[in-house]
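There are 2 protein chains.
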Amino acid sequence: MKTETTIQGLTASLASARSSKKMIGFVPTMGNLHEGHLTLVRAAKKICDVVVVSIFVNPIQFGVGEDFDSYPRTLEQDSRLLAEVGCDIIFAPSVEQMYGTQPRLTNISVGQITDDLCGKSRPGHFDGVAVVVTKLFNIVQPDYAFFGQKDYQQLAVIRQLVQDLNIPLEVIGVPIVRAEDGLALSSRNGYLTPEQRAIAPKIYQLLKQAEQQLRQGEMLEQVLANISTELTQAGFVVDYVEARQTNLQPIAQFDQDLVLFVAAKLGSTRLIDNLQINFKT
Amino acid sequence: MKTETTIQGLTASLASARSSKKMIGFVPTMGNLHEGHLTLVRAAKKICDVVVVSIFVNPIQFGVGEDFDSYPRTLEQDSRLLAEVGCDIIFAPSVEQMYGTQPRLTNISVGQITDDLCGKSRPGHFDGVAVVVTKLFNIVQPDYAFFGQKDYQQLAVIRQLVQDLNIPLEVIGVPIVRAEDGLALSSRNGYLTPEQRAIAPKIYQLLKQAEQQLRQGEMLEQVLANISTELTQAGFVVDYVEARQTNLQPIAQFDQDLVLFVAAKLGSTRLIDNLQINFKT
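Chains as they are written, first to last, in the working numbering: chain F, 497 to 777; chain V, 497 to 777.
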């Protein structure tokens with residue numbers, strides 16, 4: 497496994513793979529890797545010859561007052577984990593390597609599907625994601641790119657971006673990896689105190705409970721309101737509890753496939769989760 | 497020479513060139529080709545093995561009330577001209593082929609350098625250019641892309657876009673081609689009546705005159721005002737007469753290299769031109 501910190505180095509490392517037409521898989525991350533990330537790498541290994549994992553805490557997707565400075569940087573540990581799952585190349589550029597010394601004037605906005613859910617409470621976040629992902633795609637030029645379904649809205653934004661801009665690669669969404677108690681794995685879980693960590697699985701429990709209630713015919717609005725109430729009672733500050741079609745459009749009819757979304761804070765730690773519910777099968 | 501009208505067809509046509517590592521050159525156009533475009537193709541032929549010319553009148557870079565519907569479509573004549581200069585592949589997609597049937601949600605904005613000059617009177621124009629050029633770059637995946645310096649601001653926008661998004665290609669700017677009387681070649685020149693066509697070279701004459709005046713030490717503001725006055729007297733409706741640094745930043749000091757920009761209408765036809773003036777050599 498190689499680690500490259502410059503675009504030039506990465507390009508050189510990938511040159512022979514590219515010229516011998518090996519399938520290149522790409523897993524963009526912000527590091528502080530957990531089993532969720534490693535599952536993405538394993539999925540990439542299955543269908544690609546060469547797997548590149550980027551580790552880059554992207555400043556422009558953090559808002560004012562968000563956790564850019566404190567976001568955990570654990571490159572040594574990440575490298576060990578990535579070597580174990582067969583990652584071929586780590587791309588760990590500096591902010592200057594990614595954004596240069598000249599001001600960036602170009603912005604990319606994916607409209608409509610970023611207007612609500614996380615887009616509402618994190619203005620500019622998805623623009624920052626769209627820009628860095630486009631840059632990384634252009635640098636790595638992979639055949640496949642792998643993203644976790646935990647960041648469901650992000651995955652939808654990237655699929656839209658790739659479609660709208662004809663970016664020549666295939667986006668693969670990989671299911672959420674959860675702790676045994678159901679908590680969706682996230683680097684931000686590390687911020688939780690032991691007490692908060694004990695409460696955190698409540699989100700998934702309520703999502704599963706909501707699924708049952710919906711299957712039993714309870715009204716969506718009431719089910720969503722229940723989640724919100726119970727989260728608040730458990731000590732969360734709820735950002736949103738919403739339901740959407742799988743393409744993030746508003747629910748148009750009863751009994752169509754949908755996704756439930758939750759974002760809620762425990763102390764200063766913001767957790768998100770989602771659950772897709774298929775009615776048609 | 498092949499003509500491809502679908503992305504899939506173009507990709508197939510380019511596959512062998514790409515796998516045998518031939519240099520691919522790309523000249524994006526809106527068709528109705530003149531000697532300016534053909535000069536771009538010749539420049540591409542000089543350094544590339546395979547030259548792709550796209551002909552696509554891009555709806556999203558035209559504003560309300562602009563000439564999208566009436567913009568001349570002359571594919572047969574264009575094909576003949578392109579065959580003569582050695583173009584290898586024409587890519588002439590439909591609007592549906594380029595934009596699909598689903599709504600596009602992604603926008604690309606290059607800020608600051610699009611705030612004035614043509615950006616001011618054509619709101620959204622450069623966003624439309626940035627989107628279509630990014631799409632075309634992703635479809636063609638060229639090593640080199642060629643743009644005329646007549647659309648100087650557009651060239652600057654594309655250079656910025658390529659730099660900011662790490663698009664893996666080199667942008668080549670090609671000098672303006674002029675008629676014998678100095679008029680910068682443009683597809684829109686075809687809109688001019690014989691009377692207007694006789695007046696149109698005035699723009700370049702005034703730019704050359706301004707260069708002389710500046711070299712003789714006349715004040716920039718006065719020189720620009722003269723151009724504007726004389727154009728108005730000749731029957732133009734002036735949109736702007738401006739000077740910028742070569743990177744489109746405002747002039748910061750006396751005697752630095754600069755570019756003079758003119759946009760002016762004759763009847764309903766909008767003409768643009770520019771002249772770079774180097775003081776340092």
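Built from N, CA and C at the ideal position, the CB exists for glycine as well.
Nothing here was measured: the structure is a model prediction, and the numbers come from that model.
Item                                                                                                                            : Value
The segment 604–637 of chain V: positions lying closer than 7 Å to chain F by Cβ                                                : Ile604, Ser605, Val606, Gly607, Gln608, Ile609, Thr630, Lys631, Asn634, Ile635, Gln637
Min CB distance Arg740 of chain V to chain F below 8 Å                                                                          : no
Inter-stretch contact at 8 Å, needing at least 3 Cβ pairs: the segment 618–634 of chain V / the segment 554–562 of chain V      : yes
Environment of Val733 of chain V [buried if 16+ CB atoms lie within 10 Å]                                                       : exposed
Proximal chain V residues relative to Asp660 of chain F, where beta-carbon distance stays under 7 Å                             : Arg600, Leu601, Thr602
At least three beta-carbon pairs within less than 8 Å, the segment 692–712 of chain F to the segment 663–673 of chain V         : no
Residue closest to Ile654 of chain V, alpha-carbon to alpha-carbon, out of V:Val628, V:Lys776, V:Gln712                         : V:Val628
Boundaries of the alpha helix (DSSP H) in which Ser512 of chain F is found, first to last residue                               : 503–515
Three-state secondary structure (DSSP) of Leu767 of chain V                                                                     : strand
CB contact flag (Leu613 of chain F, Thr602 of chain V, <8 Å)                                                                    : no
Listed by chain order, chain F residues near Gln649 of chain V by CB distance under 8 Å                                         : Within chain F, no residue comes near Gln649 of chain V; the closest Cβ sits about 13 Å away, beyond 8 Å.
Contact with chain V by Gln593 of chain F, beta-carbon distance below 8 Å                                                       : no
Within chain F, partners of Ile663 of chain V - CB distance below 7 Å                                                           : Asn634
Euclidean distance between Cα positions of Phe757 of chain F and Ser682 of chain F                                              : 16 Å
Ala588 of chain F versus F:Asp735, F:Lys498, F:Gln637, residue with shortest Cα-Cα distance                                     : F:Lys498
Residues of the segment 703–729 of chain V with Cβ closer than 9 Å to any Cβ of chain F, in chain order                         : none
Validate contact between the segment 745–753 of chain F and the segment 516–529 of chain V using beta carbons, cut 8 Å, 3 pairs : no
8 Å contact criterion, which Ala706 of chain F and Asp735 of chain F should meet: CB distance rounded                           : Between Asp735 of chain F and Ala706 of chain F the Cβ distance is about 17 Å, and since that is not below 8 Å, they are no contact.
Short CB-CB distance (under 8 Å) between Gln656 of chain V and chain F                                                          : yes
Own chain partners of Phe633 of chain V with C-beta closer than 6 Å, once the 5 adjacent residues on each side are dropped      : Ile663
Helix, strand or coil at Gln772 of chain F according to DSSP, with G and I counted as helix                                     : strand
Contact set for Leu702 of chain V: own chain, Cβ-Cβ below 7 Å, skip 5 residues either direction                                 : Ile723, Glu726, Leu727
Whether Thr525 of chain F touches Ser550 of chain F by CB criterion (8 Å)                                                       : yes
Thr502 of chain F burial status per 10 Å Cβ neighbour count (16 or more: buried)                                                : exposed
Among V:Gly607, V:Gln608, V:Val591, nearest to Arg600 of chain V - alpha-carbon criterion                                       : V:Val591
Whole-angstrom distance between Glu500 of chain V and Ile604 of chain V, CA atom to CA atom                                     : 26 Å
Endpoints, alpha helix (DSSP H) assigned at Ser724 of chain V                                                                   : 716–730
Sequence-distant residues of its chain with Cβ nearer than 6 Å to Gly615 of chain F (five each side left out)                   : Phe622
Cutoff 6 Å; reference Gly582 of chain F; Cβ partners in own chain excluding five residues on either side                        : Lys541
Nonlocal neighbours in the same chain, by C-beta distance under 7 Å from Gly561 of chain V, ignoring five residues either side  : none
Residue burial classification, Lys646 of chain F (beta-carbon count within 10 angstroms, cutoff 16)                             : buried
Contact set for Phe775 of chain V: own chain, Cβ-Cβ below 7 Å, skip 5 residues either direction                                 : Asp751, Gln752, Asp753
Start-to-end residues for the alpha helix (DSSP H) that takes in Val553 of chain F                                              : Per DSSP, Val553 of chain F belongs to no alpha helix (DSSP H) and is neither H nor E.
8 Å contact criterion, which Tyr648 of chain F and Cys544 of chain F should meet: CB distance rounded                           : Not really, about 23 Å apart at Cβ, beyond 8 Å.
Secondary structure, alpha helix (DSSP H): runs of 4+ residues fully inside the segment 565–623 of chain F                      : 571–580, 591–595, 614–617
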